[in-house]
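Data first, discussion second: the structure below is written as structure tokens.
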Amino acid sequence: MAVQVISTISEMQSISEKLRLNGKSIGVVPTMGYLHEGHARLIKAAVLENDIVIVTIFVNPLQFAANEDLSSYPRNFKRDIEVVNDMGGTIVFAPSVEEMYPEGFDTTIKTGNISLKFEGVFRPTHFDGVATVVMKLFMATKPHSAYFGQKDYQQVTVLRQLIRDLRIDVFIRVLDTVRETDGLAKSSRNVYLSTVEREKATILSKALTLAIKAALQGERRRDTLNEIMKNELKSFEDIHIDYASAACAETLEEPPLFAPEGEIVFLVAVRLGKTRLIDNMVYRPGTSPEFLL
Ligand code: PAF
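Next up, the structure:
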């Protein structure tokens, strides 16, 4: 069956309400469109786990600062619909900016400490914008479960905190980052990379892999782990490192020494030419990451 495209909040709300009354489970996959394999996997997982899958497509101005890529953010609505169709999604919710933020809109969610570090240092208004739009998308689609990629690790951490703090009745599912065969994490922004930059961009996953290997060998000193990533990222002069940091996987705290049994997330953000790239990997003691097998 072809996907149904809904563009107004009121229509979306009434459809979701009816679905809920009919006992249907609803999974939502919030996206900004230009769907890639990472999104496709999220939709597929949602289809397996829910009766109805709503994919939201909305490039959210509230999460972009004035100097960021809102106007050039890649879009291809027609192709996105095909992807949702192919993956078995039921509904695409694609509101306009005016629908989401009409004249007089004046309320935003203020995220807390967890949003101030890492991305928050470079994009101070970003997570308030994400939290506000995700909340609005939840209110519109009334999902039981919501699907996000691990690629945006801090985003997921901030959203988990939001769900906890506001007691929002939505189950968060986080799926692994999908990578190109050479390790580059799939991202809609990868289209900005020139051929040379695209080759250099594999350095992110290489740096993360080195840190994971060091952790596997027992390294727990934060500074040493950070240095391992930074040294690798410095292989190319034109890569500007915003951060390369090890943190506690759950809280994003940065103790000087990680506990032997604690999970560690390695987070990197760099600028390569005009493109800003982020990536992360999680070290879980007692498990061997797939790429090392
Ligand atoms: O991860 C994204 O694509 C966006 O931040 C999200 C969650 C759809 C909110 O605009």
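Residue numbers for the sequence shown, in the numbering used here: -15 to 277. Virtual Cβ for every residue (Gly too), placed ideally from N, Cα, C.
Residue i and residue j closer than 8 angstroms at C-beta
{"i": "MET293", "j": "PHE242", "result": "Not covered by the structure: residue 293. The range shown for the chain is -15 to 277."}
{"i": "ALA199", "j": "MET213", "result": "no"}
{"i": "ARG148", "j": "SER129", "result": "no"}
{"i": "SER189", "j": "LEU159", "result": "no"}
{"i": "ALA230", "j": "ARG206", "result": "yes"}
{"i": "GLY96", "j": "VAL37", "result": "no"}
{"i": "ASP226", "j": "ARG255", "result": "yes"}
{"i": "SER9", "j": "ASN44", "result": "no"}
{"i": "MET84", "j": "LYS120", "result": "yes"}
{"i": "MET71", "j": "PHE42", "result": "no"}
{"i": "ILE75", "j": "GLN(-12)", "result": "yes"}
{"i": "ASP166", "j": "THR193", "result": "no"}
{"i": "LEU217", "j": "ALA191", "result": "yes"}
{"i": "GLN47", "j": "VAL117", "result": "yes"}
{"i": "ILE(-7)", "j": "PRO79", "result": "yes"}
Own chain partners of residue i with C-beta closer than 6 angstroms, once the 5 adjacent residues on each side are dropped
{"i": "VAL13", "result": "LEU26, ILE27, ALA30, VAL39, TYR131"}
{"i": "THR208", "result": "none"}
{"i": "ILE262", "result": "ALA253"}
{"i": "PRO58", "result": "TYR18, SER172, VAL175"}
{"i": "GLY257", "result": "GLU181"}
{"i": "LYS170", "result": "HIS20, GLU21, GLY22, VAL162"}
{"i": "ASN69", "result": "VAL(-13)"}
Counted within 10 angstroms of its Cβ, other Cβ atoms place residue i as buried (16 or more) or exposed
{"i": "THR141", "result": "buried"}
{"i": "PRO244", "result": "exposed"}
{"i": "VAL105", "result": "exposed"}
{"i": "SER219", "result": "exposed"}
{"i": "GLY270", "result": "exposed"}
{"i": "ASP153", "result": "exposed"}
{"i": "VAL81", "result": "exposed"}
{"i": "LYS62", "result": "exposed"}
{"i": "PRO239", "result": "exposed"}
{"i": "ASN210", "result": "buried"}
{"i": "PHE111", "result": "buried"}
{"i": "LEU177", "result": "buried"}
{"i": "LYS94", "result": "exposed"}
Spatial distance of residue i from residue j (CA atoms)
{"i": "ILE248", "j": "MET(-15)", "result": "43 angstroms"}
{"i": "LEU143", "j": "ALA115", "result": "7 angstroms"}
{"i": "HIS224", "j": "THR161", "result": "23 angstroms"}
{"i": "PHE77", "j": "ILE(-10)", "result": "5 angstroms"}
{"i": "THR259", "j": "TYR18", "result": "16 angstroms"}
{"i": "LEU54", "j": "ARG173", "result": "11 angstroms"}
{"i": "LEU150", "j": "ASP222", "result": "42 angstroms"}
{"i": "GLU87", "j": "THR109", "result": "20 angstroms"}
{"i": "GLY113", "j": "ILE98", "result": "14 angstroms"}
{"i": "MET(-4)", "j": "PHE122", "result": "11 angstroms"}
{"i": "GLU237", "j": "ASN6", "result": "43 angstroms"}
{"i": "LYS197", "j": "LYS135", "result": "19 angstroms"}
{"i": "GLU103", "j": "ALA50", "result": "16 angstroms"}
{"i": "GLN145", "j": "ALA233", "result": "13 angstroms"}
{"i": "ASN60", "j": "GLY133", "result": "20 angstroms"}
{"i": "PHE89", "j": "GLU164", "result": "40 angstroms"}
{"i": "VAL67", "j": "SER56", "result": "21 angstroms"}
{"i": "GLU1", "j": "LEU32", "result": "21 angstroms"}
{"i": "GLU183", "j": "ASN215", "result": "18 angstroms"}
{"i": "LEU100", "j": "THR179", "result": "33 angstroms"}
{"i": "ARG107", "j": "THR91", "result": "19 angstroms"}
{"i": "ALA124", "j": "PHE155", "result": "16 angstroms"}
{"i": "GLU52", "j": "GLN139", "result": "17 angstroms"}
Proximal residues to residue i (C-beta, below 7 angstroms), its chain only, five neighbours per side dropped
{"i": "LEU3", "result": "ILE10, ILE36"}
{"i": "TYR137", "result": "VAL249, LEU251, ASN264"}
Nonlocal neighbours in the same chain, by C-beta distance under 8 angstroms from residue i, ignoring five residues either side
{"i": "GLY246", "result": "CYS232, ALA233, PRO269"}
{"i": "LEU277", "result": "In this prediction, LEU277 has a pLDDT of 44, which is less than 50 and means its spatial position is unreliable; what the coordinates show is noted afterwards. Correct list: empty, nothing qualifies."}
In the stretch -13 to 30, which residue ranges form an unbroken alpha helix (DSSP H) of at least 4 residues, counting only runs that do not cross its ends? For the alpha helix (DSSP H) assignment, the uninterrupted runs of no fewer than 4 residues enclosed by the stretch -13 to 30 are, from N- to C-terminal side, -7 to 5.
Please list the segments of the beta strand (DSSP E) lying wholly inside the stretch 195 to 237, counting only runs of 3 or more residues, in order along the chain. Secondary structure in the stretch 195 to 237: the beta strand (DSSP E) runs of 3 residues or longer, each lying completely within the stretch, are 223 to 232 in chain order.
To test your reading of the DSSP string, which unbroken beta strand (DSSP E) runs of 3 or more residues are found completely within the stretch 50 to 80? Entirely contained in the stretch 50 to 80, the beta strand (DSSP E) runs reaching 3 residues are, in chain order, 75 to 77.
As an exercise, report each continuous beta strand (DSSP E) stretch of at least 3 residues that is fully enclosed by the stretch 244 to 268, in chain order. Given a length threshold of 3 residues, each whole run of the beta strand (DSSP E) inside the stretch 244 to 268 is given here in chain order: 248 to 256, 259 to 267.
Please give me, in chain order, every unbroken run of the alpha helix (DSSP H) with length at least 4 that falls completely inside the stretch 130 to 206. Secondary structure remark: continuous alpha helix (DSSP H) runs of at least 4 residues inside the stretch 130 to 206, in chain order: 137 to 149, 179 to 184, 187 to 200.
Unbroken stretches of the alpha helix (DSSP H), 4 residues or longer, contained in the stretch 77 to 109: Runs found: 81 to 84, 103 to 106.
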